[in-house]
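Residue numbers (my numbering): 198 to 527. Working notes, beginning with the structure itself.
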Ligand code: UT7
């Protein structure tokens, strides 16, 4: 029996309307538009309104996918929801989305791998298609980073934004699909990027709130160094492993944490910046949503064609990192 391959057959996305520009942030903390642009590549980001949870965006992204690709929600068999900002710790946000979109025959769960969340969730979803267990798997990446960002901390508030996007996985009908993946974790990196409060280690108290333990903490420089090396290494590794050269690649689809990390990864792969998907300038770091939002927008704009080789690559808290080789199927 020939191997079943998983293919991305539909995409959807959603970003909130409210824009937080660098000029707006200049009024909140001591920083400048010039510093933010030159050190990160970010000009603005989108923020969801208070009271609207992560699922608000994810439901709209999923509905966008269902409508535009003519997919019936009852046909979805599994929902894998990647996020570090679930609506609540439980029930899972997968359950909330399942109910809202009418995916009455699906099971599902949430998955945490921070900025590598979508890469880990996509690889997990692929296994359910390749094994023959399921025929339609919805993989969602969504984060409301504004809900865990301290807007008085200039080290972090310049970086993050809110967004959601999703892909549908189905058995491939041709030679295209998700070809290979390489994933890593290293818990030694945990001390550089985390949120201390709210879990079983530090349940919420007045003290955890006073000490700002429910916000992201990041020691930027070590994370920057590890991300630059990790993303570049794993991207080069997946190309070498599969005998791919820069000429074979249509697009690098990197996690969008810092334009300098993206440039370093492209340079290591030997691909020019015209072959790199970028949305960091307009959305900032939307954590698990950066990569599917790139796929969604470039697909919608007709910039990717069936058969194009994409290298998806990420690095995030944990540390977590990885790369996926996809031959585009839409
Ligand atoms: O997505 C998950 C993975 N995350 C990442 O990959 C993020 C990795 N880290 C980074 O992207 C960068 O480290 C940052 C963008 C967070 C920071 O950039 P940096 O070039 O590493 O800056 P730095 O922390 O070394 O700070 C350089 C200077 C410092 O001033 P002094 O000590 O040299 O006087 C900071 O105080 O820049 C100062 N600074 C700022 N100045 C203006 C830090 N934040 C700001 C700011 N505006 N917002």
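Yeah, the Cβ is synthetic: ideal placement off N, Cα and C, and Gly gets one too.
{"Query": "CB-CB length for residue 496 against residue 527, believed under 8 Å", "Result": "6 Å"}
{"Query": "Residue 380 Cβ short of 7 Å to the ligand UT7 heavy atom set", "Result": "no"}
{"Query": "Straight-line Cα distance separating residue 209 from residue 203", "Result": "18 Å"}
{"Query": "C-alpha distance - residue 248 paired with residue 256, whole-angstrom precision", "Result": "15 Å"}
{"Query": "Buried versus exposed call for residue 243 [16 or more other C-beta atoms within 10 Å across all chains shown]", "Result": "buried"}
{"Query": "Sequence-distant residues of the same chain with beta carbon closer than 7 Å to residue 373, five excluded per side", "Result": "204, 503, 504, 524, 525, 526"}
{"Query": "Stretch pair the segment 215-225 + the segment 253-272: three plus CB contacts closer than 8 Å", "Result": "no"}
{"Query": "CA-to-CA distance, residue 327 to residue 200, given in whole angstroms", "Result": "7 Å"}
{"Query": "Any non-hydrogen atom of the ligand UT7 closer than 7 Å to residue 233 Cβ", "Result": "yes"}
{"Query": "At least three beta-carbon pairs within less than 8 Å, the segment 344-358 to the segment 298-305", "Result": "no"}
{"Query": "For residue 376, the three-state DSSP class (helix, strand or coil)", "Result": "strand"}
{"Query": "Backbone CA spacing between residue 342 and residue 422 [nearest angstrom]", "Result": "22 Å"}
{"Query": "Within the segment 283-347, ranges of the alpha helix (DSSP H) (whole runs, at least 4 residues)", "Result": "290-298, 314-327"}
{"Query": "Integer Cβ distance of residue 284 from residue 313, believed to fall under 8 Å", "Result": "Contact flag wrong, Cβ pair sits at about 21 Å."}
{"Query": "Residue 390 beta carbon near the ligand UT7 (any heavy atom closer than 7 Å)", "Result": "yes"}
{"Query": "Nearest candidate by alpha-carbon position, reference residue 478, set 211, 215, 232, 237", "Result": "237"}
{"Query": "Bridge-paired residues (DSSP) for residue 451", "Result": "510"}
{"Query": "Closest Cα partner of residue 273 within the set 383, 518, 207", "Result": "207"}
{"Query": "Closest by C-alpha distance to residue 384, when choosing among 415, 408, 336, 514", "Result": "514"}
{"Query": "Counterpart residues of residue 359 in DSSP-defined beta bridges", "Result": "341"}
{"Query": "Residue range of the beta strand (DSSP E) that includes residue 208", "Result": "203-211"}
{"Query": "Span of the beta strand (DSSP E) around residue 525", "Result": "Premise fails: residue 525 is in no beta strand (DSSP E) and is neither H nor E."}
{"Query": "Residue 513 CB to nearest heavy atom of the ligand UT7 below 7 Å", "Result": "yes"}
{"Query": "Nonlocal neighbours in the same chain, by C-beta distance under 8 Å from residue 246, ignoring five residues either side", "Result": "213, 215"}
{"Query": "Sufficient close CB pairs (3 or more, under 8 Å) joining the segment 407-417 to the segment 464-474", "Result": "no"}
{"Query": "The ligand UT7 heavy atom lying under 7 Å from the CB of residue 356", "Result": "yes"}
{"Query": "beta-carbon residue 370 near the ligand HEM non-hydrogen atom, thresh 7 Å", "Result": "Absence of the ligand HEM from the depicted structure is noted, with the ligand UT7 being the only ligands included."}
{"Query": "Check: residue 265 C-beta below 7 Å from any heavy atom of the ligand UT7", "Result": "no"}
{"Query": "Buried or exposed by the 16-neighbour rule on C-beta atoms within 10 Å, applied to residue 439", "Result": "exposed"}
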